[in-house]
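At position 329 of the sequence shown (counting the first as 1) the number is 591 in this note's numbering, and the numbers step up by one without a gap. Contents: one structure, followed by commentary.
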Amino acid sequence: MAESRPRVWVSQPLFDDVIGQLGQYFDLTTTVDVAAYSSAELSERLAPLDGALITLNERIGAREIAHAPRLRAIANVGVGYNNLDIAALSAAGIVATNTPDVLTETTADLGFTLLMAAARRISDAERWLREGQWGQWSFQNMLGADIHGATLGILGMGRIGQGIARRGAHGFGMRVLYHNRSQLPAQTEQALGAQYVDFDTLLAQADHLVLVLPYTQDSHHIIDAAALAKMKASATLVNIARGGIVDELALADALSNGRLAAAGLDVFEGEPAVRSELLALRNVVLTPHIGSASLATRRSMVQLAVDNLIAALGEGASAGHPPSAINADAITAAKAGGATVGATKTGATKR
Ligand code: 8YV
263 MAESRPRVWV
273 SQPLFDDVIG
283 QLGQYFDLTT
293 TVDVAAYSSA
303 ELSERLAPLD
313 GALITLNERI
323 GAREIAHAPR
333 LRAIANVGVG
343 YNNLDIAALS
353 AAGIVATNTP
363 DVLTETTADL
373 GFTLLMAAAR
383 RISDAERWLR
393 EGQWGQWSFQ
403 NMLGADIHGA
413 TLGILGMGRI
423 GQGIARRGAH
433 GFGMRVLYHN
443 RSQLPAQTEQ
453 ALGAQYVDFD
463 TLLAQADHLV
473 LVLPYTQDSH
483 HIIDAAALAK
493 MKASATLVNI
503 ARGGIVDELA
513 LADALSNGRL
523 AAAGLDVFEG
533 EPAVRSELLA
543 LRNVVLTPHI
553 GSASLATRRS
563 MVQLAVDNLI
573 AALGEGASAG
583 HPPSAINADA
593 ITAAKAGGAT
603 VGATKTGATK
613 R
């Protein structure tokens, strides 16, 4: 009977046909208009549920799940999950899932797009043209930095970082340097054409630096005034990870004082708000968190989240084994009465 089916809620309008698959197993509540939820609203929404399918706009932690005794699964549409308090969810026995792999290449494409647009001053040039300034043409106008043959730096060498490395090394003949928590196996480095260096060397040698690391306490403002000061004044900085990785005021300062040539930013610390200091600059290309936003990829992400939720709630062919569970180990360990759930890898996404 319909009443006895698990209750599931989808927090934002996604793709109706994909989301609709949940109706086969669950009592499904969808959302028609894009919504912004307060913590109290989320808490109220989650209270009667068995599962929820959410986006990174919904921040869920101990407070939001406190009144949701039946809640067993949260499916995040996104590979990054800094919007979730994984330790709190694990402690409550709630499986959290994300959507890796399906967005890797699309997000790497966007990283490269921003790199090229910033280095070659595409936004600035287009604005100038639209402003009717072409009549002021000079041979030395709109001079940017080369991409081919330059040194590409990558901070965070997960799947997306590796996608960017491949594009740089094999597509543009770049020298690729990277820094990561752990060095990749020699064979992988060789295939990518990438060389491991320490953080300071990466900052000092990159002509174009792309940030693709997960946002954690350790990576908060890792690109601050001191890090920016170590970069070449001719360099380009690209952030497609999370806004909080960069001290945006320090970045705006460096960009406006000629200490950094250009930046491409897809993510912002206070998004959807963007600092006026950045909006005022011509040498920064700004996009509204569209890293994964191709039609095919966004659909695949929602499909994976749906598959995750169905499996996490014990239904379908993969019942009990969601394709991309974040905290399955922590929950199993907690059930076995052993492990410290708080020691889960909060935010340590393999992007
Ligand atoms: C989001 C992202 O999924 O996957 C991530 O971590 O940042 C994006 O792809 C997208 O903004 C929808 O929430």
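Don't be surprised by glycine CBs; every beta carbon is placed ideally from N, CA and C. Since we're looking at a predicted model, the values are computed, not measured.
According to DSSP, residues forming a beta bridge with residue 338: Answer by DSSP bridge pairing, in chain order: 316.
Residue burial classification, residue 281 (beta-carbon count within 10 angstroms, cutoff 16): Classification of residue 281: buried, given that the 10 Å Cβ count is 16 or more.
CB of residue 499 within 7 Å of CB of residue 525, strictly: Cβ distance < 7 Å, so residue 499 and residue 525 count as in contact.
Whole-number beta carbon distance between residue 574 and residue 315, since they are thought to touch under 8 Å: The pair is not a contact, with the Cβ atoms about 10 Å apart (cut-off 8 Å).
Backbone CA spacing between residue 532 and residue 505 [nearest angstrom]: Spanning the two alpha carbons is a distance of roughly 7 Å.
Backbone secondary structure at residue 289 - three-state DSSP: Residue state for residue 289 is assigned as strand, using DSSP reduced to three classes.
Opposing strand residues paired with residue 499 [DSSP bridges]: The secondary-structure analysis by DSSP pairs residue 499 across a beta bridge with 471 and 525.
Three-way DSSP call (helix, strand, coil) for residue 432 in this model: It is helical.
Alpha carbon of residue 474 to alpha carbon of residue 276, nearest angstrom: Roughly 25 Å separates the two Cα atoms.
For residue 469, the nearest candidate out of 412, 400, 387 and 318 (CA to CA): Closest option to residue 469, judged by alpha-carbon separation, among 412, 400, 387 and 318: 412.
Distance CB(residue 502)-CB(residue 481) smaller than 7 Å: Not in contact: residue 502 and residue 481 (Cβ atoms no closer than 7 Å).
DSSP-derived helix/strand/coil call for residue 322: Residue 322: strand per DSSP, three-state reduction.
7 Å Cβ cutoff met for residue 311 and residue 269: In contact: residue 311 and residue 269 (Cβ atoms closer than 7 Å).
Residue range of the beta strand (DSSP E) that includes residue 415: Taken as a continuous stretch (DSSP letters only), the beta strand (DSSP E) holding residue 415 covers 413 to 417.
Any non-hydrogen atom of the ligand 8YV closer than 6 Å to residue 317 Cβ: Look at residue 317: its beta carbon is less than 6 Å from one of the heavy atoms in the ligand 8YV.
Anticipated Cβ contact below 8 Å, residue 543 with residue 517, distance rounded: The C-beta distance from residue 543 to residue 517 rounds to 5 Å, short enough to fall under 8 Å.
Three or more C-beta pairs below 8 Å linking the stretch 547 to 567 and the stretch 334 to 341: The answer is yes - the stretch 334 to 341 touches the stretch 547 to 567, with three or more Cβ pairs under 8 Å.
Three-state secondary structure (DSSP) of residue 280: Correct three-state label for residue 280: helix.
The stretch 439 to 459 in contact with the stretch 379 to 398 per 3-pair CB rule at 8 Å: No: fewer than three Cβ pairs fall under 8 Å.
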